[in-house]
Every structure is written in structure tokens, then in C-alpha cells.
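Quick notes on the structure that follows.
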Amino acid sequence: MEKELAMMDYDEQGTITEIEKDLRTRVAGMGIRVGKKLRMVTKQPIKGPVDVIVDGAETSLGLDMAEKITVDVV
């Protein structure tokens, strides 16, 4: 099932299927690319950042960025 990264639940895992074009370069340096597997670690309430693990490294993304990334959740 595909959903926005921002909508993933705690400890959910999935594979990135789409990143909006204007965001791709910005998140590539964080290891976030189409085809990468990730796991949701924490999600702060009320428009706070989300923390994910990609390639064994924890990364924080603003909610606005997480809303532009689509993940196929397993």
C-alpha cells in the first residue's frame, strides 16, 4: 500500500517509490532516493519533523518534505 511518508505509523517500513521533482536533489544527500528502504522512527505531533532510518542512519525531515515522498509500505 502506498502512502505519503508523513502518514506512516511508528516503526512502519517501506520502499520509496516517488519523490517530487523539486525535492529530489535536496534529499539525495541524506540517502533518500527512489528504491531505498526506510523505517519510521518518530513523528512529532502538530506539524513537527519525522525521523526515519535509511541505510542504517537516522535522518530528520520536515513535515512539508515528508508529504512530498511516497512510500510503498510493507
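Per the numbering used here, the sequence shown runs over residues 41 to 114.
Even glycine gets a Cβ: it sits at the ideal position worked out from N, Cα and C.
Among the options, nearest to residue i - alpha-carbon criterion
i: T65; options: V81, L103, V113, K108; result: K108
i: V111; options: D49, T57, M47; result: T57
i: I72; options: M41, T55, V81; result: T55
i: G88; options: L63, V81, G96, G102; result: G102
Through-space distance from residue j to residue i, alpha-carbon basis
i: Q53; j: V114; result: 6 Å
i: S100; j: A106; result: 9 Å
i: V90; j: K83; result: 4 Å
i: E98; j: R79; result: 9 Å
i: K76; j: K43; result: 15 Å
i: Y10; j: D95; result: Any answer about residue 10 is impossible in this case: the structure gives the chain only from 41 up to 114.
i: M41; j: V74; result: 16 Å
i: I93; j: M48; result: 13 Å
Local Cβ density within 10 Å of residue i, reported as buried at 16 or more and exposed below that
i: K86; result: Note on residue identity: the sequence assigns Ile, not Lys, to residue 86. Flag for I86 reads exposed.
i: V67; result: buried
Residue i Cβ short of 7 Å to the ligand PLP heavy atom set
i: K83; result: The ligand PLP is not among the ligands present in this structure, which contains no ligands whatsoever.
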